[in-house]
Amino acid sequence: MRFLFYITIVCSVLVGCKASKKAAANGNTEKLKTAEIISNYHKKNNSYTSLKAALTINLKTAEKEEKFTANLRILKNEKIWLSIGKMGIPGAKILISPNAVKYYNKIDNTYFDGDYSIINSWLKTDITFMQLQGILLGEAMYTLEPTQYDSEVLENGYLLRPEQLNSLAEHYITLNPGNFKVKSQEIAQPKAYRILTVDYKGYQEVDNQLIPMLVNLLMVEKTSETQIDISYRNVSLNQDLRFPFKIPNNYKEISIEN
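Here you go:
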């Protein structure tokens, strides 16, 4: 039930080439200073407190391709809840908070109740609650500060790239020039030969807020690649949500080796 991804980069050179590649500036995209771009992003950022949506998830690796359905509920900055199934059959429930992850699988009667090691094992990268929430809501995975990013105008938007390169993890993000929503972002980990890329293929308006319509995730790690496509429908905002989660007594606990 790995609702997100695993993928691999062939060499660390690709990290620099892909992220720093320049394109001719579009005459219709106004040239702005980095501080202005980031300020506009924050002004246009989502202001809702909760989200509920139905998801269709397509998972593709070199070995297999699978399709899942899921119900997603988010209480911003507090909880992420997922109920995942396949062909109408309930499969797993996941409850994620900033400090803990709980998970149980109805297929093999197993559960996990602990830290982010299980999320990191699924994604093959270290990730925080806020970064995972950002991926799902179409928000930046890192706090955008003008002193930490340089910018340039691309033909498809504003590229923000780290001012200081980091050998452990580097964040690149492209914003739409019209609404300053996230168009794409990636985390590159050169030493681990790993890249996570998130592309947003359009947004839908719900209660005057722009919510992702289709999210494409790709992770490359060494010689493996995983793609996950998530489509959103029946989105509602600012409702009082329930987060039902109870691990059955007869389930077997699993552990994750760090």
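Under our numbering, the residues of the sequence shown are numbered 15 to 272, in order.
For every residue, glycine included, the Cβ atom is placed at its ideal position computed from N, Cα and C.
Check	Outcome
In DSSP terms, what M233 is bridged to	T240
Nearest residue (CA-CA) to I149, options N263, K195 and K47	K195
Local conformation of T211 per DSSP, three classes	strand
Per-residue burial, N263 [other beta carbons within 10 Å of its own, 16 or more giving buried]	exposed
Cβ pair S245, L228 closer than 9 Å	yes
Supposed contact pair I94 and A84 - C-beta distance, whole angstroms, cut 8 Å	So it is not a contact: roughly 11 Å between Cβ atoms.
Element boundaries [beta strand (DSSP E), containing K57]	Not the beta strand (DSSP E): K57 falls in the alpha helix (DSSP H), residues T48 to K58.
Sufficient close CB pairs (3 or more, under 8 Å) joining the stretch 253-262 to the stretch 50-66	yes
Check whether I209 and L179 have beta carbons under 9 Å apart	no
Per-residue burial, E80 [other beta carbons within 10 Å of its own, 16 or more giving buried]	exposed
P176 (DSSP reduced to helix, strand or coil)	strand
Simplified DSSP assignment, three categories, for K78	coil
Whole-number beta carbon distance between S165 and T48, since they are thought to touch under 8 Å	4 Å
Best match in N91, P104 and F126 for proximity to D112 [C-alpha to C-alpha]	Just to set this straight, residue 112 is Pro in the shown sequence, not Asp. Taking only the C-alpha atoms, the option nearest P112 is N91.
Three-state secondary structure assigned by DSSP to A114	coil
Same chain only: Cβ atoms within 8 Å of D129, ignoring 5 sequence neighbours per side	N113, A114 and V115
Opening and closing residue of the beta strand (DSSP E) in which Q218 lies	Y217 to V220
Y55 versus E159 - alpha carbon distance	11 Å
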